[in-house]
Amino acid sequence: MKYIAVEGCIGAGKTTVARILAEKYNSNLLLEKFEENPFLDKFYVNKSAYALETELGFALIHYHQLKDALQQKKHNSFISDFCIEKDTLFAEMNLSGKELGLFYTVFRFLSDQLKPPELMVCLHCTDNLIIERTKQRNRNKENVTWEDYFIKLNHLYKQFFKKGPWKRIDVDMNEMNFLLDPNESNINWLLDKINKIF
14 MKYIAVEGCI GAGKTTVARI LAEKYNSNLL LEKFEENPFL DKFYVNKSAY ALETELGFAL
74 IHYHQLKDAL QQKKHNSFIS DFCIEKDTLF AEMNLSGKEL GLFYTVFRFL SDQLKPPELM
134 VCLHCTDNLI IERTKQRNRN KENVTWEDYF IKLNHLYKQF FKKGPWKRID VDMNEMNFLL
194 DPNESNINWL LDKINKIF
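So for the sequence shown, the numbering used here puts the first residue at 14; every next one is plus one.
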């Protein structure tokens, strides 16, 4: 089964691009169930107090979503707007010391049972675009006081993309706005890149 992940910073447009690709390839679409993490709202109020619970919660949610998808036989491929490997990025940002060690113990156990994406569609955005997008989303917890956090996260994603075992396609989301301008030339450009890999 082919597994393609679309990844990028918060607000980069992962879900939009994943939906387009899943439709074009008639693939199973797997969307991150971030709303199922019971600690996320508390994390945005008090990051240090709820960071460990939040990161472990996401790792477990992602594990079960991907495990179920990989066991599906209905489709030859699936496309997700997340990958479990990105949980290490958030853990490195939000945890330290024994808590980070505990996270990695759990994460390695979970990730060892999953295969990584065969292809990562990497969405790159400038810091200004990320801040603009997070404001447009109008989620109360993603407010202006978190701008520095999102900027740091955006920079870490650029490093993260280079580390994985996956094949990679880099997409400049400042030039290709699939949400506001989903024109066929942008979509066909991306499809052509993917088809050359598979």
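The C-beta atom is built at its ideal place from N, Cα and C for all residues, glycine as well.
None of these values were measured; they are calculated from a predicted model.
task: Could you tell me if P130 is buried or exposed, where buried requires 16 or more neighbouring beta carbons within 10 angstroms of its beta carbon?
output: Buried, by the Cβ-count rule.
message: For a minimum of 4 consecutive residues, which ranges assigned as the alpha helix (DSSP H) are wholly contained in the stretch 35 to 59?
response: 53 to 58
query: Which residues share a DSSP beta bridge with D185?
result: DSSP, once it has assigned bridges, lists H137 as partnering D185.
- prompt: Excluding the five sequence neighbours on either side, which residues of its own chain have a C-beta within less than 7 Å of the C-beta of R32, listed in chain order?
  reply: Excluding sequence neighbours, R32 sits near L42.
task: Note down, in chain order, each residue of its chain lying with its Cβ closer than 7 Å to the Cβ of L53, except the 5 sequence neighbours on either side.
output: F47, T67
- request: Reducing DSSP to helix, strand and coil, say where I23 ends up.
  value: coil
task: Specify whether the stretch 82 to 97 and the stretch 163 to 173 touch according to this definition: at least 3 beta carbon pairs, one from each stretch, less than 8 Å apart.
output: no
field: the stretch 102 to 119 touching the stretch 67 to 77, judged by at least three CB pairs closer than 8 Å
entry: With a cut-off of 8 Å on Cβ pairs, the stretch 102 to 119 is in contact with the stretch 67 to 77, counting three or more such pairs.
- prompt: Between Y117 and D125, what straight-line distance do the alpha-carbon atoms span, to the nearest angstrom?
  reply: 12 Å
field: Cα-Cα separation between N59 and L65, rounded to whole angstroms
entry: 12 Å
query: Leaving out the 5 sequence neighbours to the left and right, which residues in its chain are closer than 7 Å to E197 when beta-carbon positions are compared?
result: none
- prompt: Taking the alpha-carbon positions, what's the N190 to S109 distance?
  reply: 36 Å
- request: Within 10 angstroms of the Cβ of G114, are there 16 or more other Cβ atoms? Answer buried if so, exposed if not.
  value: exposed
- prompt: With 16 other CB atoms within 10 Å as the buried threshold, where does T139 fall?
  reply: It is exposed - the Cβ of T139 has fewer than 16 other Cβ atoms within 10 Å.
query: Relative to the C-alpha of E160, which residue among I143, V19, L73 is closest?
result: I143
message: Which residue wins for smallest C-alpha separation from E36, given the options F173, R146, I92, E188?
response: Scanning F173, R146, I92, E188 for the CA closest to the CA of E36 turns up I92.
task: Note the first and the last residue of the continuous alpha helix (DSSP H) segment covering F174.
output: Where F174 is concerned, the enclosing alpha helix (DSSP H) stretches over 160 to 176.
query: Do the CB positions of V184 and L204 come within less than 8 Å of each other?
result: no
message: Pull the bridge partners of A18 from the DSSP assignment, please.
response: S93, M133
Neighbour-count burial assignment, F211, 16 or more Cβ in a 10 Å radius: exposed
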